[in-house]
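Under numbering that gives the first Met the number 0, read the sequence shown as residues 0 to 424, first letter to last. All C-beta atoms, glycine included, are put in the ideal place defined by N, C-alpha and C. As the structure is a computational prediction, the values presented were derived from the model and not from experiment. Notes follow the structure.
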Amino acid sequence: MKATVDMYAMAAELFPINRSLSGEGNRKTLRLIKKIVPELTVKEVPSGTKAFDWVVPDEWNVVDAWIKDKHGKKIVDFSVCNLHLVGYSEPVHMTMNLKELQKHLYSLPEQPDAIPYITSYYSRRWGFCLSENEREQLADGEYEVFIDSSLESGSLSYGEVILEGEEDREILISTYICHPSMGNNELSGPVVTTAILDWLKSLKKRRYTYRVLFIPETIGSLMYLDKHHEYLKQVVDAGFVLTCIGDNNSYSMLESRYGNTLADDVAKHVLKYHSANFLTYSFLDRGSDERQYCAPGIDLPVCDLMRSKYGEYPEYHTSLDNLDYISKEGLEGGFDVVRKCLMLLESNRVYKTRVLGEPQLGKRGLYPTISTKGTKAKVAAMMNLIAYADGTMNLIEIANKINENALDLVELAEKLEDEGIFEIM
0 MKATVDMYAM
10 AAELFPINRS
20 LSGEGNRKTL
30 RLIKKIVPEL
40 TVKEVPSGTK
50 AFDWVVPDEW
60 NVVDAWIKDK
70 HGKKIVDFSV
80 CNLHLVGYSE
90 PVHMTMNLKE
100 LQKHLYSLPE
110 QPDAIPYITS
120 YYSRRWGFCL
130 SENEREQLAD
140 GEYEVFIDSS
150 LESGSLSYGE
160 VILEGEEDRE
170 ILISTYICHP
180 SMGNNELSGP
190 VVTTAILDWL
200 KSLKKRRYTY
210 RVLFIPETIG
220 SLMYLDKHHE
230 YLKQVVDAGF
240 VLTCIGDNNS
250 YSMLESRYGN
260 TLADDVAKHV
270 LKYHSANFLT
280 YSFLDRGSDE
290 RQYCAPGIDL
300 PVCDLMRSKY
310 GEYPEYHTSL
320 DNLDYISKEG
330 LEGGFDVVRK
340 CLMLLESNRV
350 YKTRVLGEPQ
360 LGKRGLYPTI
370 STKGTKAKVA
380 AMMNLIAYAD
390 GTMNLIEIAN
400 KINENALDLV
410 ELAEKLEDEG
420 IFEIM
């Protein structure tokens with residue numbers, strides 16, 4: 000099943016926006032998401048609000064920023080690429096020589112064509128980023144530096160959607176909206192999450208209630224957990240951070256702190272049958288909002304779903320992570336993995352056989368009248384499912400035990416329940 004949202008077109012529309020921990024770029028991003036998902040509620044948290052050991056910072060907005068050489072030519076221009084400006088740069092307008100300017104410049108000698116993504120959220124400074132090739136061409140002389148930005152008391156913006164299900168038990172989905180123009184590390188998460196929301200809304204019934212967050216990374220999850228962690232600990236059965244999920248490389252997941260939650264089980268099982276070469280990273284390799292969701296005392300059952308993991312691909316946090324790095328096919332693949340995980344969660348039950356001994360399948364129309372290679376395998380899967388349905392294991396655990404795809408067992412389990420052979424515990 001493909002997503003009905005054109006995720007790549009959505010990413011292209013969001014790409015030019017300058018996002019950060021706060022500011023108008025984040026609000027514009029949330030407004031565009033709300034056009035597709037009207038249920039999105041946009042909320043504001045004032046600067047200075049405590050979030051556990053942290054504080055929501057001042058709001059940052061940028062009008063323009065550039066560097067001009069002695070001829071008045073712009074050699075670095077925020078309006079051309081918003082990665083040129085160090086995130087949370089304070090305003091400045093001055094003239095200086097090249098030696099002084101170099102103290103405020105950032106580049107990547109090992110990736111001479113790439114503009115790096117650099118931030119300074121909690122220490123006041125200003126700076127510009129450019130490619131190493133551009134930096135090497137700077138000549139001695141005077142340079143005019145201009146940053147028209149503001150760092151003022153304002154608010155942090157985030158979006159939340161709660162889709163009610165038949166049960167009060169919840170699935171948490173979290174993604175971030177705090178990076179400027181980058182395709183995989185920033186936009187793949189929000190666009191896949193938007194498509195997933197669109198799909199969830201189309202379901203005739205939902206067992207679970209879904210809590211979906213579009214937040215700035217780290218401070219956003221800390222802020223949200225400061226308000227809601229006690230409630231979330233009571234109701235969340237599984238959760239996923241969706242990030243870096245739109246390229247064409249291998250699928251991957253990053254475990255929760257101990258790697259033993261329902262979210263871990265679902266992600267590993269789905270990826271096993273979705274992609275032969277998927278990668279599993281331990282919590283020791285953490286780096287996104289799973290750090291907060293799985294922190295001691297919070298202990299939510301959350302893991303990451305990704306394609307190329309953040310920090311593990313050369314284009315990460317550079318201008319090379321652009322719209323060419325993601326693809327329609329990559330985004331659709333990411334959507335499909337998340338969709339399968341949620342489908343499996345919806346169907347994952349603990350079953351118990353009500354019939355003593357081996358049930359007679361033929362009289363219930365469950366045994367094929369013609370035996371073929373395919374029907375033999377199907378019957379074997381059914382009989383193995385029955386053999387382990389003793390009320391002690393859920394469907395995923397049984398599927399792992401009998402080496403079957405749990406999604407393939409869902410229909411069999413439902414038929415066995417309809418025929419009175421299974422009961423749900």
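{"Item": "Nearest to residue 297 by CA position, among 253, 268, 228, is which residue?", "Value": "228"}
{"Item": "To the nearest angstrom, report how far apart residue 272 and residue 380 are at their CA atoms.", "Value": "16 angstroms"}
{"Item": "Excluding the 5 residues flanking residue 73 on each side, which residues of the same chain have their C-beta closer than 6 angstroms to its C-beta?", "Value": "65, 67"}
{"Item": "At what residue ranges does the region 393 to 423 contain a whole run of the beta strand (DSSP E), taking only runs of 3 or more?", "Value": "421 to 423"}
{"Item": "Compare the Cα-Cα distances from residue 246 to each of 165, 322, 337 and report the closest residue.", "Value": "322"}
{"Item": "Cβ atoms of residue 255 and residue 302: under 8 angstroms apart, would you say?", "Value": "yes"}
{"Item": "If you scan the region 331 to 376 from start to end, which runs of the beta strand (DSSP E) of 3 or more residues do you find wholly inside it?", "Value": "349 to 352"}
{"Item": "Any idea which residues DSSP pairs residue 253 with across the strands?", "Value": "280, 303"}
{"Item": "What is the rounded straight-line gap between the Cα of residue 38 and the Cα of residue 134?", "Value": "46 angstroms"}
{"Item": "Look at the alpha carbon of residue 121 and the alpha carbon of residue 46, and state the distance between them as a whole number of angstroms.", "Value": "13 angstroms"}
{"Item": "Does the beta-carbon of residue 426 have 16 or more other beta-carbons within 10 angstroms, so that it is buried, or is it exposed?", "Value": "Given that the chain is displayed from residue 0 to residue 424, the structure contains no residue 426 and the question cannot be resolved."}
{"Item": "Which first and last residues belong to the alpha helix (DSSP H) in which residue 198 is found?", "Value": "187 to 201"}
{"Item": "Would you call the CB atoms of residue 18 and residue 214 closer than 8 angstroms?", "Value": "no"}
{"Item": "Exposed or buried, residue 79, counting other C-beta atoms within 10 Å across all chains shown (16 or more means buried)?", "Value": "exposed"}
{"Item": "May I ask you to list the residues that DSSP assigns as paired with residue 142?", "Value": "95"}
{"Item": "To the nearest angstrom, how far is it from the Cα of residue 211 to the Cα of residue 238?", "Value": "10 angstroms"}
{"Item": "Would you kindly work out how many angstroms separate the C-alpha atoms of residue 260 and residue 300, rounded to a whole number?", "Value": "5 angstroms"}
{"Item": "Using the Cβ count rule (16 or more neighbours within 10 Å means buried), how would you classify residue 0?", "Value": "exposed"}
{"Item": "Measure the beta-carbon distance from residue 127 to residue 62 and round it to whole angstroms, keeping in mind my assumption that it falls under 8 angstroms.", "Value": "Their Cβ separation, rounded to whole angstroms, is 16 angstroms, which puts residue 127 and residue 62 out of contact at 8 angstroms."}
{"Item": "Could you pull out every unbroken alpha helix (DSSP H) segment of at least 4 residues lying fully inside the region 16 to 57, listed in chain order?", "Value": "23 to 35"}
{"Item": "Going by Cα to Cα distance, which pick from 159, 163, 165, 387 is closest to residue 174?", "Value": "159"}
{"Item": "Taking the DSSP output, what are the residues bridged to residue 216?", "Value": "Looking at the DSSP assignment, residue 216 forms no beta bridge with any residue, so it has no partner."}
{"Item": "Take residue 406 and list the residues in its own chain whose beta-carbon comes closer than 7 angstroms to its own, dropping the five residues that flank it on each side.", "Value": "339, 342, 343"}
{"Item": "For residue 105, write down the residues that DSSP places opposite it in a beta bridge.", "Value": "128"}
{"Item": "Which residues does DSSP list as the beta-bridge partners of residue 157?", "Value": "42"}
{"Item": "Nearest-angstrom Cα distance between residue 20 and residue 332?", "Value": "28 angstroms"}
{"Item": "What does a CB cutoff of less than 6 angstroms around residue 320 pick up in its chain, not counting 5 residues either side in sequence?", "Value": "181, 182, 183, 184, 314"}
{"Item": "Could you give the C-beta distance for residue 270 and residue 337, rounded to a whole number, given that I count them as a contact under 8 angstroms?", "Value": "11 angstroms between Cβ atoms; not a contact."}
{"Item": "Taking the alpha-carbon positions, what's the residue 394 to residue 324 distance?", "Value": "37 angstroms"}
{"Item": "Are the Cβ atoms of residue 329 and residue 306 separated by less than 8 angstroms?", "Value": "yes"}
{"Item": "By the 10 Å Cβ neighbour count, where 16 or more other Cβ atoms means buried, how is residue 308 classified, buried or exposed?", "Value": "buried"}
{"Item": "Which same chain residues end up closer than 7 angstroms to residue 108 when comparing Cβ atoms and leaving out the 5 residues on each side of it in sequence?", "Value": "131"}
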